[in-house]
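A.B. asks: My questions will all concern the structure given below.
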Amino acid sequence: MANENLNILQNFNILYLEDDKNLRVHTKDVLEDFVNNIYAVGTSNEAFNIIINNKIDVIISDILLENENGIDFLRFLKEEKKIHIPAILTTAHTDTKYLLDAIKLKVENYIIKPINIKELLNTLHDILLPVIQQKQLQKHNNIIKTISTVTDSKQVEVVNYIFNNLNNDNLLITSYSEIMEKINISKPTLIKLFKELAEKRILVKTQHKTYRFDEKALNLL
Amino acid sequence: MFLKRLFYYFDAIAFSYKTNFLIFIITGGMICITILSVVSIFSLKHDFDILFERRTKPLIQLEELKDTYKVNIYDTFYDIQHGSISPQNAKEVVTLARQLINNRWNDYKKRISSNYYKPSYITSTITSIYPIAIIEEKKILQESIINNIEKKIPIVDNLMNDIFKFVENNRSYDAYILVDRLYFEVNSINIYLNSLINYDLRLALNEKRKTEKVFNIIIALSVISIIFVFLFSIILSVIIINNFKKLHNSLEQKVALKTKELQKLNESLEKKIQIEVRNNRKKDMIMFQQSKLASMGEMLQNIAHQWRQPLGSLTMIIQSFQTKMMHGKLTDEFVDRKVNDSLLLADNMSSTLDDFRNFFNPDKVKNEFSLQDCLDHSLELSKYLLDKEMINFSLIFKDEITISGFYNELSHVFLNIISNSKDALASKDKNEDKLIYVVIKKVDNFAQIVMIDNGGGIPFEVLPKVFEPYYTTKYKSAGTGIGLYMSKQIIEKHMLGTITCKNVKHKLGTDTLHDCAKFIINIPINQKDYDGK
Chain L
1 MANENLNILQ
11 NFNILYLEDD
21 KNLRVHTKDV
31 LEDFVNNIYA
41 VGTSNEAFNI
51 IINNKIDVII
61 SDILLENENG
71 IDFLRFLKEE
81 KKIHIPAILT
91 TAHTDTKYLL
101 DAIKLKVENY
111 IIKPINIKEL
121 LNTLHDILLP
131 VIQQKQLQKH
141 NNIIKTISTV
151 TDSKQVEVVN
161 YIFNNLNNDN
171 LLITSYSEIM
181 EKINISKPTL
191 IKLFKELAEK
201 RILVKTQHKT
211 YRFDEKALNL
221 L
Chain S
222 MFLKRLFYYF
232 DAIAFSYKTN
242 FLIFIITGGM
252 ICITILSVVS
262 IFSLKHDFDI
272 LFERRTKPLI
282 QLEELKDTYK
292 VNIYDTFYDI
302 QHGSISPQNA
312 KEVVTLARQL
322 INNRWNDYKK
332 RISSNYYKPS
342 YITSTITSIY
352 PIAIIEEKKI
362 LQESIINNIE
372 KKIPIVDNLM
382 NDIFKFVENN
392 RSYDAYILVD
402 RLYFEVNSIN
412 IYLNSLINYD
422 LRLALNEKRK
432 TEKVFNIIIA
442 LSVISIIFVF
452 LFSIILSVII
462 INNFKKLHNS
472 LEQKVALKTK
482 ELQKLNESLE
492 KKIQIEVRNN
502 RKKDMIMFQQ
512 SKLASMGEML
522 QNIAHQWRQP
532 LGSLTMIIQS
542 FQTKMMHGKL
552 TDEFVDRKVN
562 DSLLLADNMS
572 STLDDFRNFF
582 NPDKVKNEFS
592 LQDCLDHSLE
602 LSKYLLDKEM
612 INFSLIFKDE
622 ITISGFYNEL
632 SHVFLNIISN
642 SKDALASKDK
652 NEDKLIYVVI
662 KKVDNFAQIV
672 MIDNGGGIPF
682 EVLPKVFEPY
692 YTTKYKSAGT
702 GIGLYMSKQI
712 IEKHMLGTIT
722 CKNVKHKLGT
732 DTLHDCAKFI
742 INIPINQKDY
752 DGK
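Protein sequence lines correspond, in order, to chains L and S. Residue numbers for the first sequence follow the numbering used here, so the first one is 1 and each next one is one higher. Residue numbers for the second sequence follow the numbering used here, so the first one is 222 and each next one is one higher.
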């Protein structure tokens with residue numbers, strides 16, 4: 001249970017749609033410790049209002065609501081309002097009909113009641129992890145771009161070239177002249193850069209014109 | 222021996238042949254006797270006629286001849302002798318007498334010799350078959366007498382002629398002498414005639430005797446034939462009666478045999494029926510059991526659903542302790558709150574269970590209860606299935622009604638009808654309104670419960686059969702066909718009410734008309750005089 005990664009949920013808002021008041025309250029009590037904000041509602045109308053007015057990252061919805069259907073609500077959001085929010089369906093039913101509908105709507109998971117909170121949290125984690133990663137990637141990109149503007153841009157270009165030409169085995173097969181053709185850089189600067197990388201065991205020459213990129217070396221820095 | 226064999230042979234032939242034979246014998250015998258008697262009567266009449274014509278008439282002729290000689294000739298000449306008549310007159314009288322004598326004599330001869338008078342065929346046949354001792358006709362005697370008379374007649378004639386000649390010549394003496402001779406001759410003729418008459422009389426007597434004999438024979442024959450026919454008829458009748466008796470006996474035996482067989486069959490049938498009835502009862506029991514199981518299955522689904530929600534909550538509460546602990550937020554206040562909630566939920570679950578358990582426990586005694594409670598409860602029990610099919614249920618209570626009866630049984634009836642409506646509505650399109658509409662009101666002394674669903678109504682050919690046992694339109698797995706039958710039994714036998722169904726068009730509180738099936742239950746409100754079973 002004590003999964004460190006669940007901390008990533010802390011930044012997200014969740015909409016919980018469930019008509020059984022008891023279950024709604026108790027589930028909310030559990031989930032509110034894990035997420036930034038949980039909006040627990042009983043009808044699709046309330047749910048829609050919240051979606052309009054708040055930033056919702058994941059919808060958790062029951063299928064059988066009072067006089068309505070969670071699947072219908074999700075379809076309404078996706079097809080009519082063009083709002084794409086990842087969704088998890090919880091239900092006591094294992095009817096194939098519901099399952100097929102759920103698959104067509106590409107819901108993230110289909111959780112059978114009674115809800116196992118670990119399963120729910122893991123699913124939430126699985127959904128939100130790519131979002132986090134996307135954010136981090138974006139962040140790193142931004143960092144690199146920022147660094148490149150304040151340092152020697154040629155060296156950044158070379159590093160860029162190196163990573164772009166790595167093959168699947170993390171091998172770079174190239175020569176200085178090839179690099180110089182692409183990038184307007186003086187040979188001594190290039191040699192100095194390669195030498196520096198080799199010293200830090202990041203890019204080691206294995207054969208003539210063949211260099212190996214070692215990821216682990218980066219972590220040692 | 223032969224008779225016995227004949228008898229046996231006759232006994233053996235078919236009954237109809239026997240009767241035909243009897244009829245034949247009787248009619249044939251009758252006809253024979255009739256013909257025989259008619260023929261014999263006619264032949265006898267014929268014979269008597271012959272006797273008269275042939276024997277009596279000649280006698281009369283002979284007698285007349287005799288009289289003529291005596292009266293005409295003898296007396297005339299006697300008168301002449303005494304002179305009391307003139308010779309001329311005497312001659313005329315004598316001439317007339319001679320003519321008469323000639324005529325009569327010739328007539329007699331002709332009659333004697335004629336063959337015209339023959340005895341009838343029957344008589345001659347009978348006489349030929351049964352020779353009757355008859356005195357032979359002494360023809361020779363007759364002929365000799367006739368010859369003598371014929372000789373005497375010319376002698377008398379000559380004498381008379383001579384006498385008249387003498388009288389005319391007044392030779393009275395000679396005439397007198399001749400008259401005496403004439404007297405003598407006339408007397409002798411008369412004697413001959415007498416003997417001839419005697420002879421004829423004897424013959425007539427003979428003939429009469431013969432006829433009598435023939436008559437006797439015919440009578441005897443008739444009697445014999447009558448007796449024969451009579452006897453034969455009696456024998457035949459006896460045989461036929463025997464036959465009847467035999468037939469009667471054999472038929473009686475047959476009837477007795479068949480009666481026995483029928484009795485046996487009857488007994489075996491009774492046994493069979495008993496066995497079948499027992500089997501049927503067993504089958505009924507099984508069917509009731511099945512239907513109970515089926516409704517139990519439905520109930521179980523309901524229980525399952527009604528438990529699922531609190532179970533979900535409970536699961537969540539239990540897990541919440543863990544997560545709160547993890548986050549270090551497990552406060553006393555939180556634990557108190559959650560435990561209270563859990564106990565409430567558990568109580569709920571327990572009472573749900575009790576509800577369903579009560580439902581399956583048959584009521585032992587009648588209770589007073591509110592119809593509204595019963596319907597609400599039934600609805601509660603089937604709520605899950607109705608929700609699942611997204612069926613709208615509207616209850617309209619126009620009157621507050623309390624009835625006495627078996628609560629659970631009535632609840633069963635409501636559930637059955639709701640279940641049927643649900644099945645009908647389940648086949649409808651998702652987007653259509655699915656409505657069940659229940660109205661309770663008081664009509665006279667009856668509580669009327671009207672349940673209407675817009676499931677399209679009951680098909681026309683099914684409508685008369687919905688309350689029949691084992692009739693189901695559903696697949697075997699889905700229904701036993703006993704639900705509505707049981708409902709009818711409960712309403713009619715236990716509640717003394719009526720239950721009917723029909724198809725109607727109804728708005729059901731909406732704007733459009735729907736094709737609806739309508740169940741109407743009437744339950745008498747005042748049931749205190751009914752002790753119940």
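For glycine and all other residues, C-beta sits at the position ideal for the given N, C-alpha and C.
Is there at least one non-hydrogen atom of the ligand PLP closer than 7 Å to the beta-carbon of leucine 472(S)?
C.D. replies: No copy of the ligand PLP appears in this structure; indeed no ligand is present at all.
A.B. asks: Could you name the residues that DSSP lists as bridge partners for aspartate 674(S)?
C.D. replies: Ile657(S) and Ala738(S)
A.B. asks: Going by DSSP in three states, asparagine 160(L) sits in which element: helix, strand or coil?
C.D. replies: helix
A.B. asks: Counting only C-beta atoms, is isoleucine 115(L) closer than 8 Å to chain S at any point?
C.D. replies: yes
A.B. asks: Name, going along the chain, the residues of the stretch 188-215 of chain L whose beta-carbon falls closer than 7 Å to a beta-carbon of chain A.
C.D. replies: Absent here is chain A; the protein component of the structure consists of chains L and S.
A.B. asks: Short of 8 Å in beta carbon distance, which residues of its chain neighbour lysine 373(S), apart from the five on each side in sequence? Order them along the chain.
C.D. replies: So the list reads Glu406, Ser409, Ile410 and Tyr413, once near-sequence residues are dropped.
A.B. asks: Pick from Leu272(S), Glu689(S), Thr552(S) and Ile460(S): whose alpha carbon is nearest that of glutamate 433(S)?
C.D. replies: Leu272(S)
A.B. asks: Does the beta carbon of threonine 27(L) sit closer than 8 Å to a beta carbon anywhere in chain S?
C.D. replies: yes
A.B. asks: Would you decide whether leucine 172(L) is buried or exposed? Buried here means 16 or more other CB atoms lie within 10 Å of its CB.
C.D. replies: Sixteen is the threshold: when 16 or more other Cβ atoms of the shown chains lie within 10 Å of the Cβ of leucine 172(L), as they do, the residue is buried.
A.B. asks: Have a look at Lys643(S), Glu621(S) and His548(S) and flag the residue whose alpha-carbon is nearest the alpha-carbon of lysine 787(S).
C.D. replies: Coverage of chain S is limited to positions 222 through 754, which leaves residue 787(S) absent and any answer about it impossible.
A.B. asks: Drop a sphere of 10 angstroms on the beta-carbon of lysine 697(S), count the other beta-carbons inside from all chains shown, and report buried for 16 or more, exposed for fewer.
C.D. replies: Per-residue confidence for lysine 697(S) stands at a pLDDT of 45, beneath the threshold of 50, marking its modelled position as unreliable; the derived number appears in the next sentence. With fewer than 16 Cβ atoms within 10 Å of its Cβ, lysine 697(S) is classed as exposed.
A.B. asks: Given a threshold of 16 other Cβ atoms within 10 Å of its Cβ, counted over all protein chains shown, does glycine 304(S) qualify as buried or as exposed?
C.D. replies: exposed
A.B. asks: From this set, Ser416(S), Asp383(S) and Asp401(S), which residue's C-alpha is nearest serine 365(S)'s C-alpha?
C.D. replies: Ser416(S)
A.B. asks: Is it right to say lysine 633(S) is buried, meaning 16 or more other beta carbons lie within 10 angstroms of its own, or is it exposed?
C.D. replies: The residue asked about is misnamed: residue 633(S) is histidine in this sequence, not lysine. Buried, since its Cβ has 16 or more Cβ neighbours within 10 Å.
A.B. asks: With 8 Å as the C-beta to C-beta threshold (strictly closer), list the residues of the stretch 69-96 of chain L near chain S in chain order.
C.D. replies: Ala92
A.B. asks: On the three-state DSSP scale, how would you describe tyrosine 394(S)?
C.D. replies: helix
A.B. asks: Which residues in chain S have a C-beta closer than 9 Å to the C-beta of aspartate 20(L)? List them in chain order.
C.D. replies: Gln530, Pro531, Gly533 and Ser534
A.B. asks: List the residues that DSSP assigns as beta-bridge partners of aspartate 62(L).
C.D. replies: Thr90(L)
A.B. asks: Check histidine 727(S) in the structure and name its three-state DSSP category.
C.D. replies: In the structure shown, histidine 727(S) sits in a strand (DSSP, three-state: E or B).
A.B. asks: Determine the DSSP secondary structure at glutamate 610(S), reduced to helix, strand or coil.
C.D. replies: coil
A.B. asks: In this structure, how does DSSP classify lysine 697(S) when only helix, strand and coil are distinguished?
C.D. replies: The predicted position of lysine 697(S) is uncertain, since its pLDDT is 45 and thus under 50; a value taken from the coordinates is nonetheless stated next. It is coil, neither helix nor strand.
A.B. asks: Taking Cβ to Cβ, would you say lysine 239(S) is nearer than 8 Å to isoleucine 461(S)?
C.D. replies: yes
A.B. asks: For the pair the stretch 643-652 of chain S and the stretch 714-723 of chain S, tell me if three or more CB-CB distances fall below 8 Å.
C.D. replies: no
A.B. asks: Using the three-state DSSP reduction, which class does proline 685(S) fall into: helix, strand or coil?
C.D. replies: helix
A.B. asks: With distances taken Cα to Cα, identify the nearest neighbour of lysine 429(S) among Ser572(S), Thr277(S), Leu532(S) and Leu283(S).
C.D. replies: Thr277(S)
A.B. asks: Serine 571(S) and aspartate 29(L) - do their beta-carbons sit closer together than 8 Å?
C.D. replies: No, the Cβ-Cβ distance between aspartate 29(L) and serine 571(S) is not below 8 Å.
A.B. asks: Quick check on proline 130(L): does DSSP put it in helix, strand or coil?
C.D. replies: Looking at proline 130(L) - three-state DSSP - the assignment turns out to be helix.
A.B. asks: Against chain L, does isoleucine 744(S) count as a neighbour if the rule is that its beta carbon must be under 8 Å from one of theirs?
C.D. replies: no
A.B. asks: Count the other C-beta atoms from every protein chain shown that fall within 10 angstroms of the C-beta of threonine 90(L), then say buried if there are 16 or more, exposed otherwise.
C.D. replies: Threonine 90(L) is buried by the Cβ-count criterion.
A.B. asks: Give me the Cα-Cα distance between threonine 203(L) and glutamine 155(L), rounded to the nearest whole angstrom.
C.D. replies: This sequence places leucine at residue 203(L); threonine is not what is there. Cα to Cα, leucine 203(L) sits roughly 14 Å from glutamine 155(L).
A.B. asks: Going by C-alpha distance, which of Val25(L), Asn142(L) and Phe34(L) is nearest glycine 42(L)?
C.D. replies: From the listed residues Val25(L), Asn142(L) and Phe34(L), the smallest Cα separation to glycine 42(L) is found for Val25(L).
A.B. asks: Can you check whether the CB of isoleucine 132(L) is closer than 8 Å to the CB of glutamate 108(L)?
C.D. replies: no
A.B. asks: With 16 other CB atoms within 10 Å as the buried threshold, where does histidine 735(S) fall?
C.D. replies: Buried.
A.B. asks: Quick one: what's cysteine 722(S) bridged to in DSSP?
C.D. replies: Phe740(S)
A.B. asks: Suppose you measure from the CA of aspartate 62(L) to the CA of glutamine 522(S); what does that come to, to the nearest Å?
C.D. replies: 19 Å
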